[in-house]
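Take a look at the structure below.
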Amino acid sequence: MSGRPTSFRPSSPSRGSSASGRSSGYRGQSRRPSGSTRPASPPVRSDLELALDAAADAAAAETGSPSATFASLGLPNKLVGALARRDLHAPFAIQTRSIPDALTGRDVLGRGATGSGKTLAFGLPMLTRLVGGQRVNGAPRGLVLVPTRELAQQVHDALAPLAQALDLKVNAVYGGASMSRQIDQLRRGIDVVVATPGRLQDLIEQRECTLAGVSITVLDEADHMADLGFMPAVTALLDMTPPDAQRLLFSATLDRGVDKLVRSYLKDPAVHAVASADSTITTMDHRVYAVQHAAKADITAEIAARPGRTLIFVRTKHGADRLALQLRKVGVEAGAIHGNLTQNARKRALENFTTGHARVLVATDVAARGIHVDDVDLVVHYDPPADHKDYLHRSGRTARAGASGTVLSFITSDQVREHQRLRERAGVEASAISVVTGHPAVRELAESGEPIVVAPRAPYVPRPQGDRRPSRRPGASGGRPTSGSSTYAGRNPRAARSA
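The numbering of the sequence shown is the numbering used here, which starts it at 107 and goes up by one.
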């Protein structure tokens with residue numbers, strides 16, 4: 107039922123380092139001599155990636171297995187009941203294959219595409235194995251490390267109600283939120299902490315948290331933590347956990363230094379994968395529009411006026427705000443999400459996109475890693491991604507769970523050659539066509555998509571002039587304390603990066 111895990115034998119460090127070398131970035135790639143036609147060489151795959159591919163092939167080849175249930179995987183009845191109350195009855199493939207191994211205490215290395223169910227794949231066995239232990243103030247027994255605060259909140263929201271059914275407590279700590287509130291939660295005692303690396307390090311340095319009692323550690327989206335420069339912090343935190351503790355690593359892709367992490371911290375891991383990292387590209391319609399830079403915003407506005415959800419990726423925080431404002435000026439309800447926003451503002455933008463009050467969300471790569479919204483049928487690469495891995499990450503926000511979707515890339519004249527190499531490395535077959543506003547290809551895309559039914563907003567009722575709330579002077583008695591986000595993040599750049 108769970109399938110036999112693929113064995114992974116770590117190779118020597120020298121072999122691992124050469125095999126897992128960084129993929130060529132979109133920016134900073136060396137240019138070939140003019141006139142050269144040598145095709146881009148395929149990326150070298152490490153033995154770790156090959157083991158994951160073999161596990162995915164084995165999973166795809168399995169036929170005739172009886173349908174698994176959460177109960178048949180060995181989860182306790184209370185947890186199965188809590189899942190049923192949330193209308194979760196049948197486990198996803200990555201859960202079916204990895205949960206039995208994780209329940210035995212074995213280290214697990216798992217790969218699954220966005221939306222494949224990784225959170226419950228590591229969360230359910232973690233909660234099960236922590237049942238019955240003693241809760242100690244400031245000393246969690248389970249640790250989940252994630253790259254962004256959005257993902258931290260998402261994991262917390264998925265696990266907290268399930269933990270409650272087992273009399274366990276889960277809390278999230280991340281930058282951009284009140285540290286004093288997080289300290290208070292730690293002092294009250296928790297069983298599992300979901301954390302971004304920078305904020306957790308700060309809490310440990312202030313002696314408000316210790317990892318000496320951690321028996322299970324999870325690394326979620328480790329490749330993205332490496333992209334953000336968190337790998338030194340991650341290894342430092344892992345070194346604070348007991349060396350014999352169980353460790354699980356789940357991610358959509360596994361590269362960029364993750365090979366070394368696996369070899370150093372996972373012992374004889376069971377390797378499970380349900381799909382290769384680029385498997386979903388076959389269910390996407392990839393399009394490339396060559397445009398004049400000055401016309402990008404107008405063409406985007408024409409396309410974004412379509413029904414359905416559209417997720418637009420840009421390179422900079424300022425670019426996200428600017429494009430969202432331009433879209434709103436022409437009547438397109440659009441929000442922006444990026445690292446400079448407060449946690450409440452980011453949460454509000456995501457909620458508006460999820461509920462359909464904003465059909466368009468403009469996002470930077472870092473902020474978008476916490477976005478898990480169903481029914482996104484168009485992804486737009488307004489600015490090109492850094493490399494083919496980021497292209498797949500971005501594009502993976504559509505065509506989820508076997509559905510179809512459209513991926514559109516804008517390129518300017520100076521980006522044609524580099525983007526062609528990027529598509530080759532991503533395994534995408536698409537030719538660029540030159541378009542302007544009103545082009546038939548633009549109109550075709552603008553008319554596609556499923557309409558979103560939006561519940562009407564409550565009408566705005568202005569407050570009577572005589573009913574104004576008295577203003578409070580900063581620091582006045584009874585005033586609400588400010589969130590520690592801006593003050594703390596400005597004092598500690600690492601905490602800001604962990605957001």
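Using N, Cα and C, we set each Cβ at its ideal position, and we do this for glycine too.
Would DSSP call residue i helix, strand or coil?
| i | result |
| --- | --- |
| Ala283 | coil |
| Leu484 | strand |
| Tyr395 | strand |
| Leu274 | coil |
| Leu417 | strand |
| Gly441 | strand |
| Leu468 | The amino acid occupying residue 468 in the given sequence is Val; Leu does not appear at that position. In this structure, Val468 counts as strand in the three-state DSSP scheme. |
| Phe516 | strand |
| Ala177 | coil |
| Ser537 | coil |
| Glu553 | coil |
| Phe459 | helix |
| Gly131 | With a pLDDT of 36 at Gly131, under the threshold of 50, the modelled position of this residue cannot be trusted, and the question is left open. |
| Ser140 | Confidence is the limiting factor: at Ser140 the pLDDT is only 36, short of 50, which leaves the residue's position unreliable, though a coordinate-based value still follows. Note: Ser140 maps to coil in three-state DSSP. |
| Thr504 | coil |
| Leu194 | coil |
| Lys373 | coil |
| Asn446 | coil |
| Arg412 | coil |
| Gly363 | coil |
| His499 | helix |
| Val544 | According to the sequence displayed, residue 544 carries Gly and not Val. The answer is coil: DSSP assigns Gly544 none of H, G, I, E or B. |
| His525 | helix |
| Thr422 | coil |
| His478 | coil |
| Asp489 | coil |
| Val186 | helix |
| Ser204 | helix |
| Val436 | coil |
| Lys453 | helix |
If distances are taken between C-alpha atoms only, which option among the options comes closest to residue i?
| i | options | result |
| --- | --- | --- |
| Gln449 | Gln259, Ala177, Gln291 and Gly187 | Gln259 |
| Thr276 | Ala264, Gly511, Ala196 and Glu550 | According to the sequence shown, residue 276 is Val rather than Thr. For Val276, the nearest C-alpha among the options comes from Ala264. |
| Gln352 | Thr416, Lys423, Leu309 and Leu249 | Leu249 |
| His478 | Arg305, Thr460 and Gly229 | Thr460 |
| Arg305 | Val324, Ile296, Met285 and Ala332 | Met285 |
| His487 | Phe419, Asp471 and Arg369 | Phe419 |
| Leu194 | Phe176, Ala278 and Arg549 | Phe176 |
| Arg523 | Gly445, Val394, Gly218 and Arg287 | Val394 |
| Arg235 | Thr323, Ile200 and Asp308 | Thr323 |
| Ala160 | Leu272, Phe198 and Ala376 | Ala376 |
| Leu274 | Val534, Arg287, Gly437 and Ile296 | Ile296 |
| Asp345 | Gly363, Met331 and Leu317 | Leu317 |
| Pro84 | Arg527, Asn458 and Asp483 | No answer is possible for residue 84: the residues shown for the chain start at 107 and end at 605. |
| Glu535 | His525, Val542, Thr543 and Gly544 | His525 |
| Lys495 | Gly414, His399, Ser540 and Ala358 | Ala358 |
| Pro206 | His399, Arg313, Leu230 and Arg428 | Leu230 |
| Ile517 | Val436, Arg529 and Val320 | Arg529 |
| Gly445 | Ile310, Leu334 and Asp153 | Leu334 |
| Pro349 | Ala328, Met337 and Leu372 | Leu372 |
| Ala157 | Asp374, Ala474, His545 and His424 | Asp374 |
| Gln312 | Met331, Val300, Val298 and Gln288 | Gln288 |
Write down the C-beta distance between residue i and residue j rounded to the nearest angstrom, noting that I regard them as a contact closer than 8 Å.
| i | j | result |
| --- | --- | --- |
| Gly216 | His463 | With 8 Å as the limit, Gly216 and His463 do not qualify as a contact, their Cβ atoms being about 35 Å apart. |
| Thr202 | Pro253 | Not confirmed; about 26 Å, so no contact. |
| Arg293 | Gly239 | At roughly 18 Å, the Cβ-Cβ gap does not stay under 8 Å, so Arg293 and Gly239 are not in contact. |
| Glu233 | Leu268 | With the sequence shown as reference, residue 233 is identified as Leu, and Glu is not the correct amino acid for it. At roughly 6 Å, the Cβ-Cβ gap stays under 8 Å, so Leu233 and Leu268 are in contact. |
| Thr470 | Thr416 | Not a contact, Cβ separation roughly 16 Å. |
| Leu433 | Ala410 | 6 Å |
| Leu456 | Ile443 | 6 Å |
| Leu251 | Leu343 | 7 Å |
| Val237 | Pro197 | About 19 Å separates the two Cβ atoms, so there is no contact after all. |
| Ala227 | Phe356 | 6 Å |
| Ser511 | Leu484 | Note that residue 511 is Gly in the sequence shown, not Ser. Between Leu484 and Gly511 the Cβ distance is about 7 Å, and since that is below 8 Å, they are a contact. |
| His262 | Ala283 | The Cβ separation is near 11 Å, so there is no contact. |
Based on the DSSP output, what are the partners of residue i in its beta bridges?
| i | result |
| --- | --- |
| Thr406 | Partner(s): none; Thr406 has no beta bridge. |
| Gly511 | Met390 |
| His378 | Gly216 |
- Only counting runs of 4 or more residues, tell me where the alpha helix (DSSP H) segments fall wholly within the region 281 to 358, in order along the chain. 285 to 294, 303 to 311, 328 to 333 and 337 to 345
- Message: Suppose only complete runs of 3+ residues qualify. What are the beta strand (DSSP E) ranges in the region 207 to 271, listed by chain order?
- Response: 214 to 217 and 248 to 251
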